[in-house]
Structure formats: C-alpha cells, structure tokens
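One structure below.
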Amino acid sequence: MTDIEIAQQAEIKPITEIGAKVGLTADDLELYGKYKAKIEMATIQKLQEQKFGKLILVTSINPTPAGEGKSTITIGLADALNRLGKKTVIALREPSLGPVMGIKGGATGGGYAQVLPMEDINLHFTGDMHAITTANNALAALLDNHIHQGNELNIDVRRIIWKRVVDLNDRELRQVVVGLGGPVQGVPRQDGFDITVASEIMAILCLATDIDNLKERLGNIVVGYTYQRKPVYVRDLQVQGALALLLKDALKPNLVQTIEGTPAFVHGGPFANIAHGCNSIMASRLALQLGDYAVTEAGFGADLGAEKFLDIKVPRLGKSPDAIVIVATIRALKMHGGVKKDQLEAENIPAVARGFANLERHIENMQSYNVPVVVAINEFVTDTQGEFEQLEALCQKLGVTVKRASVWANGGAGGEELAQAVVEATATADEKSFHPLYQADASLEEKIRTVVQKIYHGADVHFAKKAQTQLQTFAKEGWDQLPVCMAKTQYSFSDDPNALGAPEGFTIAIRELAPKLGAGFIVALTGDVMTMPGLPKKPAALKMDIDEAGNAVGLF
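If you count by the numbering used here, then the sequence shown holds residues 1 to 556, one letter each, in order.
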C-alpha cells in the first residue's frame, strides 16, 4: 500500500485523547476539528517551570535519490520508545507545499510510521504557512507604501533586501520588477520572491519564545539601507505589532498524533539548506516538558540541519541533545559509494564500504560536540545480511552502535532494538560536556571557516567581493557576534551537489551574506543555492487528485 492508503486506513483518535496522554485537558487545547489542535498560550506559560525530559536529535547522512527516511525513523523511534514504556513526545517541522507539489514529498513520515491526519498536515494544516506568507508580504507592502508616500526614512530602493514569498516552487518569481504603471502605482524597483520557508519570519516564528519575544524579533528585521548606507529596521517602520497580530495563532504549536497514538507537535518548517532547518523552540520545549523523552529532527544531513540545531537552536532552547541518531540506508550508502540508482538492488558490499566514508564523517562531526551517537539503518527489502555486517563492522571500529529499524513496515515494533540502544546512549550523556563548534565572539569569517573546515572538511573559503564588503559592514554594525547559518546544497559536504561520499580539499565559495537580525543569525550563501526552488520536469502534483468522497488521491 502507499503511504496515503495506510494513513487513510489508520484508526485516528480524537485529539483530546492524545493530549490527555501527556496531561493536557480540553481547556489547554484550541481545537481545529477533531484531530488537530493548537496549544493555548496560557498553557505554555503554565508549563514554563516544568523540568525537561531527555532530548533525542535525529539527523542523517547527505540525502540521495535512494532515500533515507529521517522523518520515518523519527516517528517510528518515538512509537518504539512508548512501546518500551518511555513517555515520549515528538517535535517535527511542518511540510512546505513547495516539495509536496514538487519532488521531495511531504514530511509526515511513511508506511506505518506516520503522523496523522497526513493529508491535512501536508496541505494547509492549521494555516501557519499562510499566516507566515501573509505577514512577510504585509511587510513588503507596508515598506513599498512607505516609500510611495514620501519615503520619510530615506530608504534607497536599490538596497532593499526584503523579498516577497510564496509557499510554492516558482522559479518565474525569482527576479521581478514591481511598481510599474506610473506614479500612482508606486515606485518601480527590482524585487524577487523566496519560498515561504526561507522567509526570516519563518525563522523568527521558530526561534521566538513568546509573543513579546516575537515582537522584539520582528522589530529587529533589517529590510534595507538608507542612501547613507544605514540599516533600516522594521521597528523604524513601526509595524512589528501588526505583523505579530497576523502571527498570533501561528505562534501556537500544533498537536497531532502518530498512527500508534504518540503525541506529536508539528510546528514551523524552515528548510535546512537555505535556513536553519528546525521546528519551533516552543514546540520542542513542550515536547521536553510533557514527555520523559522528546524526539525531534533537523532537516537534511547532519552537515546542515544538525549543525544548525546544535549551534543556532541549542543556545536558545536551553537544552542540548542527550543522544544523536544518524539515519542511513544501505541503498544510500551504496550510492555514495558510486553505484547508480538503477543498480542499487544488487548486493554490493565494496560499495557499502566506500559509501561509509560519508556516514563516518557525519559520525565524527556529531561526536565532536560530545554527544553520544547511534546509527539507525532504515531497512529496505533489498538489503542483504552481508551488506549490513560490513556496515556493522565499520561502525564498531568507531565505537558506535548501529541498529536496523523496520518502522516503515512494522511501526514502533520495528524500532524497539533501536529505541533500547538510544535509551542506553542517553544514560551516558553529560550535558555539561556539550561542546559548541565555535565561540560567539569569533568573527563571522572565522565562524564560516570553522564550519567549512571542521564540518565540511573543506580546505578553504573564498569570499566574493560583495561578501568581503559585507563582512566589513556587518562587523562595523556589531552583527559579527551572531551565529552563521550556511545556505548550501544538501547533497554534498561541498558546494558541488555532484561530489558525493566524503570529498576533501575543496574550496567553498561565499557569494554573499544576508543579515537576519530578527532570527538572530547571518546567512552565508554558497555556490548557486537558490532561496526559491524550481519544479522538476514531472512534479508530484501531476499524480494528485481528489475523489468524489473528498479523499485525497496520489499524495505519496
């Protein structure tokens, strides 16, 4: 059966029953129908002093077309922990319609390890994406109106850096011209669209801790520069209150459930290749406060999502992971070992050994933070015992536990061995030993070079002329104390998506920097990574439909 057929046949419980499992009453929930709810702000405030449980971060090797199944393992692991008697709550990101309608698919897991209602979550859910899109574009409209009405702040229209957004892959909108049609229509200028998940407002929503912090962060957004090259903030436009008003419901975390009834907070959805790739701090804290174990994930491979989780999110969350689970598949390792996609079903033990170089680097990178690491192999029917034994031997040489998980086919029951290994790993964790990658007082150039050399294992960094000028400007403004958020291809440690495995000796090219003062980090754009993706030749939307009874068809 397909994922959607499994989801539609699953028995879904009223969300009030799911909330009751972790002590939430009907008064704590703002219902969105029978099976979805938001958590009331009063409840979030009431839980602020609640002690945190253990935190498990799920990440992966560099993704390949062979598939890894990070969300599937995250969900199946949580179900398995609950089967072992460990009260566990999940914290995941919300899917974006860009990959849902494009090529990557949704973000609700797969098989018998899914969050429900799958169709709702993958489409419009509770409207968070729309609220973020509206707030972003309201700011763009208010900014252009300020300029049209006399430009009291003396904003240089050639140096506006705030873009409009839409939650779709639409390459036609990457570069546009607005304000055409004469004086009544506005001031003509070049503009462009990003995808919603790349909006700074998405990052702000995911890093805000309450409404007051949300407003403060919104006020800190830099939208452009004056003719005197001075930054212009949202607080200068005095519209942070209006933007916060548009986001008041989106700020509340969403509660749903897995097929096996595990509570899951699904909230916020920044991409990890162009943003910081983590669900909201508010959702993560709720999972930690309501469960003895909280299982969360970070987008794409550990070189992107996990690094950003550990260096950007952890200081704001106030909690480092007690264990890191790195997800891989035998198929993906063979692809990193040079095997073509149409030849992955045949046993190839030497290719597993070659592809292990990618996994090994991720293991060593995560261990450098002084957090226990467990490897999870998401099983496929084509895996052979010989291939797994080769992988197991290689992991043993590194002193790392590796466990197979069949959660796609068997749900939580297929992840119990993995869950037990994770429990044992968390018992050895010492939060005081957590070691961030760089110090806050390092320069932006030093932070970028540290990520490139210690995480990517590149030889050097080349800063384009524009990036060099920005480094000087940002240092002068005092922005160099912020962490760096690398925008890089997810397919490789390098900025070349075709360089699989564990390349070394390369140079990362930084073409420009983007100040995200509201989010509290600086984005470094590498290579030709796009903040507005395009659709493939045959997008997933071509297979989607709805039947006469109103049921979704072809949604994975």
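Glycine is no exception: its CB is placed at the ideal position from the N, C-alpha and C atoms.
Owing to the predicted nature of the structure, the values given are computational and were not obtained by experimental measurement.
Name the two residues that bound the continuous alpha helix (DSSP H) containing residue i.
{"i": "residue 378", "result": "It is not in any alpha helix (DSSP H) - residue 378 instead sits in the beta strand (DSSP E) that spans 373-378."}
{"i": "residue 422", "result": "416-426"}
{"i": "residue 11", "result": "No alpha helix (DSSP H) holds residue 11; DSSP gives it neither H nor E."}
{"i": "residue 364", "result": "349-367"}
{"i": "residue 171", "result": "From DSSP, residue 171 is part of no alpha helix (DSSP H); its letter is neither H nor E."}
{"i": "residue 147", "result": "128-148"}
{"i": "residue 199", "result": "It is not in any alpha helix (DSSP H) - residue 199 carries neither H nor E in the DSSP assignment."}
{"i": "residue 71", "result": "70-83"}
{"i": "residue 407", "result": "407-410"}
{"i": "residue 448", "result": "444-450"}
{"i": "residue 471", "result": "465-477"}
{"i": "residue 240", "result": "240-246"}
{"i": "residue 99", "result": "97-101"}
Report, in whole angstroms, the separation of the C-beta atoms of residue i and residue j, which I expect to be a contact under 8 Å.
{"i": "residue 294", "j": "residue 284", "result": "7 Å"}
{"i": "residue 355", "j": "residue 60", "result": "Actually they do not touch by this definition, with Cβ atoms about 13 Å apart."}
{"i": "residue 447", "j": "residue 438", "result": "5 Å"}
{"i": "residue 526", "j": "residue 274", "result": "In fact, because the Cβ distance is near 10 Å, the residues do not count as touching under 8 Å."}
{"i": "residue 62", "j": "residue 492", "result": "6 Å"}
{"i": "residue 80", "j": "residue 416", "result": "5 Å"}
{"i": "residue 269", "j": "residue 96", "result": "5 Å"}
{"i": "residue 28", "j": "residue 39", "result": "6 Å"}
{"i": "residue 536", "j": "residue 102", "result": "6 Å"}
{"i": "residue 328", "j": "residue 304", "result": "Their Cβ separation, rounded to whole angstroms, is 16 Å, which puts residue 328 and residue 304 out of contact at 8 Å."}
Can you list, in chain order, the residues of its chain whose CB lies under 7 Å from that of residue i, leaving out five sequence neighbours each side?
{"i": "residue 163", "result": "191, 192, 193 and 194"}
{"i": "residue 470", "result": "512 and 513"}
{"i": "residue 373", "result": "324, 326, 363, 366, 367 and 400"}
{"i": "residue 489", "result": "273, 495, 497, 527 and 529"}
{"i": "residue 503", "result": "492, 493 and 494"}
{"i": "residue 309", "result": "57, 278 and 298"}
{"i": "residue 515", "result": "222, 474, 479 and 522"}
{"i": "residue 10", "result": "116 and 259"}
{"i": "residue 338", "result": "351 and 354"}
{"i": "residue 556", "result": "2, 3, 4, 105 and 106"}
{"i": "residue 316", "result": "207 and 281"}
For residue i, list the residues DSSP reports as bridge partners.
{"i": "residue 60", "result": "327"}
{"i": "residue 254", "result": "38"}
{"i": "residue 486", "result": "524"}
{"i": "residue 265", "result": "91 and 255"}
{"i": "residue 230", "result": "DSSP lists no partner for residue 230."}
{"i": "residue 190", "result": "177"}
{"i": "residue 507", "result": "460"}
{"i": "residue 401", "result": "374"}
{"i": "residue 512", "result": "525"}
{"i": "residue 552", "result": "546"}
{"i": "residue 222", "result": "233"}
{"i": "residue 277", "result": "Note: residue 277 sits in no beta bridge, so no partner."}
{"i": "residue 54", "result": "293"}
{"i": "residue 110", "result": "113"}
Which residues bound the beta strand (DSSP E) around residue i?
{"i": "residue 311", "result": "It is not in any beta strand (DSSP E) - residue 311 carries neither H nor E in the DSSP assignment."}
{"i": "residue 296", "result": "293-297"}
{"i": "residue 388", "result": "Per DSSP, residue 388 belongs to no beta strand (DSSP E); it is in the alpha helix (DSSP H), 385-397."}
{"i": "residue 113", "result": "113-116"}
{"i": "residue 30", "result": "29-31"}
{"i": "residue 157", "result": "155-160"}
Nearest CA to the CA of residue i: which residue from the options?
{"i": "residue 382", "options": "342, 464 and 203", "result": "342"}
{"i": "residue 233", "options": "243, 220 and 81", "result": "220"}
{"i": "residue 218", "options": "206, 417 and 226", "result": "206"}
{"i": "residue 215", "options": "201, 228 and 223", "result": "201"}
{"i": "residue 385", "options": "474, 348, 488 and 316", "result": "348"}
{"i": "residue 565", "options": "87, 70 and 132", "result": "Any property of residue 565 remains undetermined from this structure, which presents the chain solely from 1 to 556."}
{"i": "residue 357", "options": "396, 500 and 303", "result": "500"}
{"i": "residue 560", "options": "230, 252, 178 and 486", "result": "Outside the shown range of the chain, which is 1 to 556, sits residue 560, and nothing can be said about it."}
{"i": "residue 428", "options": "370, 266, 388 and 307", "result": "370"}
{"i": "residue 22", "options": "286, 540 and 199", "result": "286"}
{"i": "residue 6", "options": "306, 33, 267 and 411", "result": "411"}
{"i": "residue 69", "options": "332, 123 and 18", "result": "332"}
Which same chain residues end up closer than 6 Å to residue i when comparing Cβ atoms and leaving out the 5 residues on each side of it in sequence?
{"i": "residue 443", "result": "480"}
{"i": "residue 239", "result": "142"}
{"i": "residue 135", "result": "201, 243, 246 and 247"}
{"i": "residue 133", "result": "165, 167 and 196"}
{"i": "residue 517", "result": "220 and 222"}
{"i": "residue 506", "result": "458 and 494"}
{"i": "residue 534", "result": "169 and 171"}
{"i": "residue 161", "result": "224"}
Whose C-beta lies closer than 8 Å to the C-beta of residue i among residues of the same chain, with five residues either side of it excluded?
{"i": "residue 264", "result": "75, 78, 89, 90, 91, 92, 115, 255, 256, 257 and 258"}
{"i": "residue 289", "result": "47, 50, 51, 52 and 53"}
{"i": "residue 426", "result": "54, 56, 293, 322, 323 and 372"}
{"i": "residue 421", "result": "374, 401 and 403"}
{"i": "residue 127", "result": "249 and 250"}
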